[in-house]
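J.: Order-wise, the sequence lines are chains C and Z. One point on numbering: in numbering that gives the first Met the number 0, the residue at position 54 of the first sequence is 53, and numbering is uninterrupted. One point on numbering: in numbering that gives the first Met the number 0, the residue at position 180 of the second sequence is 179, and numbering is uninterrupted. Beta carbons are placed, not taken as given, at the ideal position from N, Cα and C, and that holds for glycine. Computed from a prediction, not measured in an experiment: that's the story for all the values here.
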Amino acid sequence: MTESTPLPVIMLKPPKGFSALNLRDLWIYRELVFFMIWRDIKVRYKQTLLGAAWAILQPVMTMIVFTIFFGNLAAVPSDGVPYPIFTYTALLPWQLFSKALQDAARSLVANRHMITKVYFPRLVLPLSSIMAGLVDFAIALVVLVGLMIYYQTPLRWSMLSLPLFLLMTLITALGVGLWFAALNVLYRDIAYVMPFLAQFWMFITPIVYPASMVPERWRMLYYLNPMTGVVEGFRWAMLGTVPTLPINMILLSVGVSLVVLVSGLFYFRFMERLFADMV
Amino acid sequence: MAEISIRAHKLGKQYRLGSQVLAYQTLRESLPQWFQRKKNGHEGEVLWALRDVSFEIERGSVIGIIGRNGAGKSTLLKILSRVTEPSEGYAEIHGRVGALLEVGTGFHPELTGRENIYLNGAILGMHRSDIDRKLDEIIDFSEVEKFIDTPIKRYSSGMQMRLAFSVAAHLEPEILVVDEVLAVGDADFQRKCLGKMQDVSTEGRTVLFVSHNMSAILRLTQEAIVLNHGNIVKRAPTPEAVDFYLAEGFAEEGQRLWCDEEIPPSAAPFRPIAMRVQNEGRSFTESVRSTHPIVVELEYELTSPISGLRVGIYLMNSRGEYIFASFDTDDPQFFAQYATRDPGRYISRCLVPADWLNEGKYILGMNASAFRVKRYFQDEHALVFHVDGAGAPGKHWVESRVGPLRPKLDWRILKQ
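(1) Spell out the partners DSSP gives Z:Trp47 in its beta bridges.
(2) Verify whether the separation of the beta carbon atoms of Z:Leu10 and Z:Ile78 is less than 8 Å.
(3) Do you know whose CA, among C:Phe96, C:Tyr82, C:Asn224, C:Tyr191, lies nearest C:Thr286's CA?
(4) My output table needs one value for C:Asn116: the three-state DSSP class, helix, strand or coil.
(5) What in chain Z is Cβ-close to C:Tyr118, meaning under 7 Å?
(6) Cβ atoms of Z:Ile293 and Z:Pro403: under 8 Å apart, would you say?
(7) Give me whichever residues DSSP pairs with Z:Tyr361 in a beta bridge.
(8) Less than 8 Å between the CB atoms is what I'm expecting for C:Ala181 and C:Met237, so what's the real figure, rounded?
(9) At a CB-CB cut-off below 8 Å, which residues of chain C make contact with Z:Leu123?
(10) Out of curiosity, what's the CA-to-CA distance linking C:Ser262 and C:Leu173?
(11) How far does the alpha helix (DSSP H) with Z:Gly63 in it reach, from first residue to last?
(12) Does any residue of chain C have a CB that is nearer than 8 Å to the CB of Z:Ser86?
(13) Would you check if there are 3 or more beta carbon pairs closer than 8 Å linking the region 125-145 of chain C to the region 100-114 of chain C?
(14) Please state whether DSSP places Z:Lys133 in a helix, a strand or coil.
(15) Looking at the C-beta of C:Ile9, does it have a partner C-beta in chain Z at a distance below 8 Å?
(16) Does the CB of C:Arg38 have a neighbour CB from chain Z at under 8 Å?
(17) Compile a chain-ordered list of the residues in the region 95-114 of chain C whose CB is closer than 7 Å to at least one CB of chain Z.
(18) Under 8 Å between the Cβ atoms of C:Leu168 and C:Phe96?
(19) Short of 6 Å in beta carbon distance, which residues of its chain neighbour Z:Tyr117, apart from the five on each side in sequence? Order them along the chain.
(20) Interface residues of chain C around Z:His126 at Cβ under 7 Å?
(21) Using a beta-carbon distance below 8 Å, is C:Ala131 in contact with chain Z?
(22) Run through DSSP, which three-state label would C:Leu177 get?
(23) Would you please verify whether the beta carbon of Z:Glu109 is less than 8 Å from any beta carbon of chain C?
(24) Would you mind telling me which residues of chain Z sit closer than 7 Å to C:Pro13, beta carbon to beta carbon, in chain order?
(25) Closer than 7 Å between beta carbons: that is the criterion. Which residues of the region 40-64 of chain C meet it against chain Z?
(26) Can you tell me which of the three DSSP states Z:Lys407 falls into?
(27) Please state whether the Cβ-Cβ distance between Z:Gly307 and Z:Ser325 is less than 8 Å.
(28) Within 8 Å (strictly less), CB to CB, does C:Asp78 reach chain Z?
(29) Which bits of chain Z does C:Ala275 rub up against, with CB to CB less than 8 Å?
(30) First and last residue of the alpha helix (DSSP H) that includes C:Ser262?
(31) With a threshold of 16 other CB atoms inside 10 Å of the CB of C:Val8, please say whether the residue is buried or exposed.
(32) How about Z:Thr104: is its C-beta nearer than 8 Å to some C-beta of chain C?
(33) So, helix, strand or coil for C:Thr66, using DSSP?
(34) Skipping 5 residues on each side, what residues in its chain have a beta carbon closer than 6 Å to that of Z:Ser210?
(35) Going along the chain, which residues of its own chain have a beta-carbon closer than 7 Å to the beta-carbon of C:Val230, five neighbours each way excluded?
(36) Roughly how many angstroms separate the alpha carbons of C:Arg43 and C:Gly50, rounded to a whole number?
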């Protein structure tokens, strides 16, 4: 027998309470995340007639409808920028978030045949379904640039902070997505709850109206919704709707989304052991 | 001293019946349950799929795992391949585990063969660079070169299987765990796969192989573990273990009854009840006379109608080689008459002719399926019986005859 290198030893034990997150395994399987994202995108563009056009059509059509009903008919204020670009800038992170959230919540149940047959860190599934939305986001972002040129929005330094708010969108989507993905394995009701939740959530986020419409005394409560911070951040970064960013409020939103993410990670890990037996 | 590859200590896996763990639920169902549990502390019935299983496996050995349906084989493999976690005890795994509990996991019909190789490889834990390096070899092994850039939804099921197995066969883990995946595919490709697995074992890797195919187990493994009701009942060199499995402790006096835990949920709406062997008018005979016809009876229940159902038997010798298979609707007229079987309790009975089987030990298997639609239930080793050759043709010479049959043929001697 050849001289053998020491092999990694894995201990298989009954889980006790909250176990470590096992991020090492996730790192080992990082290529799988990439392949799953690649699969989602590839399949979607192969199966749909309009392919990439959907990524543009969806936010643009929504923008048109919102502009007609909220901007024109209801005359909702828009912080001094043209209403279409005002709402489109908000729709950009919002649609990324709502799609990511719903895909992540479904990810475990949709891939149950994999879960019951092969080991891999289960975190790969919600993670990759969230990241897959980035392609749509990138396409929709190009449209925003077009709109900004059309409305002659001046360039500003704050635009460079956009990746930070994008990251915050993903963190929030992952945090909430992890909770619901795990819950969906336990209770299939979650699948029915998700569209309703997404709709409800959209109205407590400043998408069709500005955050400045919310009375001052409710502001704190309002920013407990991490997506409020994200959307206001996007508008501040791209359009300069408010001269100074309410940094305390944004930090509140960031704090909430981090709490959701960390608790989501632990809950997911805690439930992970049951997935193969239950899905 | 040889290196240890797997060490299991008092491994156990518990499932809770009729409660949370076996199936998902809706909130409406589970809310009242929470209250009930608080009230009477009732936790639901507990099933130990595996219990007190301890063993050590040395590096480089090839071990077969055999046992009936529901004996805990799949649970053991699932624990060792980390799909599920044990409820008690522990296992130590030295090295990376490649698990083949199913071939083609994660295959997507819209993707091409080549794309699926990458995806499936990644799911099985291969790195992109490994796949790049072995791509040609994988494609070559699969015999589907011509269609490698076609979406696999256009593949036949055989082609998909071949592609899937090729990916799996090129995994290079230190420990390979294989479940019944060779049961499908054509005979030539099966042989090729078995050959590939033999190569794997000669490269110093540890292989755990679960199969109902005794001849594959005999050919591939040196040692085997027999599981029964979640326990290890025997560990021995393969021929001995197979012999033990086929004979000892499993013969149930000519009658085999299936209890609920041996019937997978996928069998529904088919529910097997019993298989019986009768001879000379006596029921439940473990030993039958070859000079009398043998009656084989299958009792089962349908909870809802099934179309195209066929219920039948396999007959196997003690070396695990098939002698024949026969179904109750083999007769086209019968098949038309029973195109759809209504719910109810049934008995399908057949007659194995007298003066036909050689003396020795035989294994009867059961299968209930709708051809190309669904296999409802299968138990390859349902029942063991002995054939007593007293009075059989040629018995006046004290010698054993070769082959599984000892037919009474219509001989004439003509003097020219």
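T.: Concretely, from the data shown:
(1) Stepping through the second sequence from its first residue, residue 47 of chain Z is reached at position 48. Z:Trp47 pairs with Z:Gln13.
(2) Residue mapping note: residue 10 of chain Z aligns to position 11 of the second sequence, counting from 1. Residue mapping note: residue 78 of chain Z aligns to position 79 of the second sequence, counting from 1. Their beta carbons are under 8 Å apart, which means Z:Leu10 touches Z:Ile78 by this criterion.
(3) With chain C covering 0 to 278 only, the question about residue 286 of chain C has no answer from this structure.
(4) To locate residue 116 of chain C, count along the first sequence from 1; it is residue 117. In the sequence on display, residue 116 of chain C carries Lys and not Asn. In this structure, C:Lys116 counts as coil in the three-state DSSP scheme.
(5) Within the first sequence, residue 118 of chain C is the residue found at index 119, counting from 1. Result: Ser80, Arg81, Val82, Ala98.
(6) Sequence index remark: in the second sequence, residue 403 of chain Z carries index 404 (1-based). Sequence index remark: in the second sequence, residue 293 of chain Z carries index 294 (1-based). No.
(7) One-based indexing of the second sequence puts residue 361 of chain Z at position 362. Bridge pairing for Z:Tyr361: Z:Asn316, Z:Phe384 [DSSP].
(8) Here the question's residue 181 of chain C lines up with position 182 in the first sequence. Here the question's residue 237 of chain C lines up with position 238 in the first sequence. Incorrect: roughly 34 Å between the Cβ atoms, too far for contact.
(9) The count along the second sequence starts at 1 and reaches residue 123 of chain Z at position 124. Correct list: Val117.
(10) Translated into positions along the first sequence, residue 262 of chain C becomes position 263. Translated into positions along the first sequence, residue 173 of chain C becomes position 174. For C:Ser262 and C:Leu173, the distance between alpha carbons rounds to 11 Å.
(11) To locate residue 63 of chain Z, count along the second sequence from 1; it is residue 64. Careful: Z:Gly63 lies outside any alpha helix (DSSP H), inside the beta strand (DSSP E) at 61-66.
(12) As a first step, residue 86 of chain Z must be located in the second sequence, where it is residue number 87. With 8 Å as the cut-off, Z:Ser86 counts as an interface residue toward chain C.
(13) Yes, the region 125-145 of chain C touches the region 100-114 of chain C.
(14) For this step, residue 133 of chain Z is matched to residue 134 along the second sequence. Z:Lys133 falls in the helix class under three-state DSSP.
(15) To locate residue 9 of chain C, count along the first sequence from 1; it is residue 10. Cβ-Cβ to chain Z under 8 Å: yes for C:Ile9.
(16) Locating residue 38 of chain C in the first sequence gives position 39, where the first residue counts as 1. Closer than 8 Å: yes.
(17) His112, Met113
(18) Start at 1 with the first residue of the first sequence, and residue 168 of chain C comes out as number 169. Start at 1 with the first residue of the first sequence, and residue 96 of chain C comes out as number 97. Just to set this straight, residue 168 of chain C is Thr in the shown sequence, not Leu. A contact, by the Cβ cut-off of 8 Å.
(19) Residue 117 of chain Z sits at position 118 when you count from the first residue of the second sequence. Excluding positions up to five away in sequence, the list reads Ile130.
(20) The sequence position of residue 126 of chain Z within the second sequence is 127, counting from 1. Per Cβ cutoff of 7 Å: Glu30.
(21) Taking the first residue of the first sequence as position 1, residue 131 of chain C is located at position 132. Not an interface residue.
(22) Here residue 177 of chain C corresponds to residue number 178 of the first sequence, with the count starting at 1. C:Leu177 falls in the helix class under three-state DSSP.
(23) On the second sequence, residue 109 of chain Z is found 110 positions in, with the first residue counted as 1. Yes, because at least one Cβ of chain C sits closer than 8 Å to the Cβ of Z:Glu109.
(24) In the first sequence, the residue the question calls residue 13 of chain C occupies position 14. Under a criterion of Cβ atoms nearer than 7 Å, the residues of chain Z adjacent to C:Pro13 are, in order, Glu84, Pro85, Ser86, Glu87.
(25) Lys41, Val42, Lys45, Gln46
(26) On the second sequence, residue 407 of chain Z is found 408 positions in, with the first residue counted as 1. In the structure shown, Z:Lys407 sits in coil (DSSP, three-state: anything other than H, G, I, E or B).
(27) Mapped onto the second sequence, residue 307 of chain Z falls at position 308. Mapped onto the second sequence, residue 325 of chain Z falls at position 326. It is not a contact, given that the beta carbons lie outside the stated cut-off.
(28) Residue numbering aside, residue 78 of chain C sits at position 79 when the first sequence is read from its first letter. C:Asp78 has a beta carbon lying at 8 Å or more from every beta carbon in chain Z.
(29) Position 276 of the first sequence, counted from the start, is the residue given in the question as residue 275 of chain C. Those are Lys77, Val82, Thr83, listed as they occur along chain Z.
(30) As a working note, residue 262 of chain C is residue 263 in the first sequence. C:Ser262 -> alpha helix (DSSP H) spans 246-277.
(31) Residue numbering aside, residue 8 of chain C sits at position 9 when the first sequence is read from its first letter. C:Val8 comes out exposed.
(32) Residue mapping note: residue 104 of chain Z aligns to position 105 of the second sequence, counting from 1. Output row for Z:Thr104: interface = yes.
(33) Position 67 of the first sequence holds residue 66 of chain C. Note: C:Thr66 maps to helix in three-state DSSP.
(34) As a first step, residue 210 of chain Z must be located in the second sequence, where it is residue number 211. The answer, listed in chain order, is Glu179, Ile216.
(35) Looking up residue 230 of chain C in the first sequence gives position 231. Correct list, in chain order: Ala89, Pro92, Trp93, Thr204, Pro205, Ile206.
(36) Against the first sequence, residue 43 of chain C aligns to sequence position 44. Against the first sequence, residue 50 of chain C aligns to sequence position 51. Straight-line Cα distance between these residues: approximately 7 Å.
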